[in-house]
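Structure first, then comments.
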């Protein structure tokens, strides 16, 4: 994680020295779908969570159409699955995941108030706790995945999104994230695999202060 922070810091410093920079904050909610495969039939159920973070936007000048955006985001994700044998649900699992993310976006403004966004993110999984409930006897098992060393510490994801500025400085942010690397490690000999999809909807504010490189207008 420290190497990722160092890399992003160096990238920011090198890029911002010759550009216009704006800072901002954002927050909102997300819906997660967690697809998993194993010896049982596992179906994904929508899980709900939230996020908050900071933004650094960098462009050649104030009205530049292409811009780069760097973020630091803390997320609490809710993940749910049903385990089935045939058509019968035998157990239900929910996972609460706390994650720190470092997205890097390329933004293109079609209009001054509307942009298309694409990029990727480095994600550090801080903690996850799972709860599995048996449908037959209503018994519940709590799993702290970090304690069992089942949680991947680092994940990468691709992202697509849009931004709409509805008032000076205030914006609506909609984003889709696809995690190409698994959340949980292979559990025993079960040949377990998974991938995570999330949709985020939130609002934010970008401060009007801008920095310019000295010697340029």
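In my numbering, the protein residues as written are 1322 to 1538.
Ideal placement from N, C-alpha and C gives every residue a C-beta, glycine not left out.
So residue 1401 and residue 1457 are supposed to be a Cβ contact under 8 Å. How far apart are they, rounded? In the chain shown, counting from the first residue as 1, residue 1401 sits at position 80. In the chain shown, counting from the first residue as 1, residue 1457 sits at position 136. Contact doesn't hold; Cβ gap of about 19 Å is too wide.
In DSSP terms, what residue 1386 is bridged to: Position 65 of the chain shown holds residue 1386. BP columns for residue 1386 are empty, so no partner.
Comparing C-alpha positions only, which one of 1482, 1417 and 1472 sits nearest to residue 1427? What you label residue 1427 is simply residue 106 of the chain shown in a count that begins at 1. Among 1482, 1417 and 1472, the Cα nearest to that of residue 1427 is on 1482.
Taking the CB atoms as reference points, tell me whether residue 1476 and residue 1437 lie closer together than 9 Å. In the chain shown, counting from the first residue as 1, residue 1476 sits at position 155. In the chain shown, counting from the first residue as 1, residue 1437 sits at position 116. Taking 9 Å as the Cβ cut-off, residue 1476 and residue 1437 do not qualify as a contacting pair.
Under 8 Å, with one C-beta from each stretch per pair, do the stretch 1379-1386 and the stretch 1348-1362 reach the 3-pair mark? no
So, at 8 Å on beta carbons, what are the nonlocal neighbours of residue 1524 in its own chain, with the 5 sequence-adjacent residues on each side left out? Translated into positions along the chain shown, residue 1524 becomes position 203. Taken in chain order, the residues that qualify are 1347, 1348, 1349, 1491, 1492, 1493 and 1494.
Taking 7 Å as the limit between beta carbons, can you name the residues of its chain near residue 1522, skipping five residues before and five after? Position 201 of the chain shown, counting from 1, holds the residue named residue 1522. So the qualifying residues of the chain are 1349, 1350 and 1495.
Which partner residues does residue 1371 have in the DSSP bridge list? Within the chain shown, the letter at position 50 stands for residue 1371. In the DSSP output, where bridge partners are listed per residue, residue 1371 has 1350 and 1397.
Are residue 1473 and residue 1453 close, meaning C-beta to C-beta below 9 Å? The count along the chain shown starts at 1 and reaches residue 1473 at position 152. The count along the chain shown starts at 1 and reaches residue 1453 at position 132. Their beta carbons are not under 9 Å apart, which means residue 1473 does not touch residue 1453 by this criterion.
Nearest to residue 1414 by alpha carbon, out of 1390, 1520, 1526 and 1462? Working through the chain shown from its first residue, we reach residue 1414 at position 93. Selected option, being the one with the closest Cα: 1462.
One question on the structure: do residue 1368 and residue 1416 come within less than 9 Å of each other, judged by their Cβ atoms? As a working mapping, residue 1368 is identified with position 47 in the chain shown. As a working mapping, residue 1416 is identified with position 95 in the chain shown. Cβ distance < 9 Å, so residue 1368 and residue 1416 count as in contact.
Outcome for residue 1514 when other beta-carbon atoms lying within 10 angstroms are tallied against a minimum of 16: As a working note, residue 1514 is residue 193 in the chain shown. The residue in question, residue 1514, is exposed, as its Cβ has fewer than 16 Cβ neighbours within 10 Å.
Proximal residues to residue 1399 (C-beta, below 6 Å), its chain only, five neighbours per side dropped: Taking the chain shown and counting its residues from 1, the one referred to as residue 1399 is at position 78. For residue 1399, where only same-chain residues beyond five positions count, the Cβ hits under 6 Å are 1368, 1369 and 1370.
What are the start and end residues of the beta strand (DSSP E) that includes residue 1474? Translated into the one-based positions of the chain shown, residue 1474 becomes position 153. Where residue 1474 is concerned, there is no enclosing beta strand (DSSP E), given that its DSSP letter is neither H nor E.
So residue 1345 and residue 1526 are in contact, right, with Cβ under 8 Å, and what is the actual spacing, rounded? In the chain shown, residue 1345 corresponds to position 24, counting from 1. In the chain shown, residue 1526 corresponds to position 205, counting from 1. Yes, residue 1345 and residue 1526 are in contact; Cβ-Cβ is about 6 Å, under 8 Å.
Is it buried or exposed for residue 1479, if we count other Cβ within 10 angstroms and need 16 for buried? What you label residue 1479 is simply residue 158 of the chain shown in a count that begins at 1. Under this definition residue 1479 is an exposed residue.
By how many angstroms is the C-alpha of residue 1374 removed from the C-alpha of residue 1516? Position 195 of the chain shown, counted from the start, is the residue given in the question as residue 1516. Position 53 of the chain shown, counted from the start, is the residue given in the question as residue 1374. If you take the alpha carbons of residue 1516 and residue 1374, they lie about 24 Å apart.
If residue 1423 sits next to residue 1393, beta carbons under 8 Å apart, how far is it from one beta carbon to the other, in whole angstroms? Translated into the one-based positions of the chain shown, residue 1423 becomes position 102. Translated into the one-based positions of the chain shown, residue 1393 becomes position 72. Residue 1423 to residue 1393, Cβ: 6 Å. Contact.
For residue 1432, does the count of other Cβ atoms within 10 angstroms reach 16, so buried, or fall short, so exposed? For the purposes of this step, residue 1432 is identified with residue 111 of the chain shown, where counting begins at 1. It is exposed - the Cβ of residue 1432 has fewer than 16 other Cβ atoms within 10 Å.
Check residue 1425 in the structure and name its three-state DSSP category. Here residue 1425 corresponds to residue number 104 of the chain shown, with the count starting at 1. Three-state DSSP puts residue 1425 in a strand.
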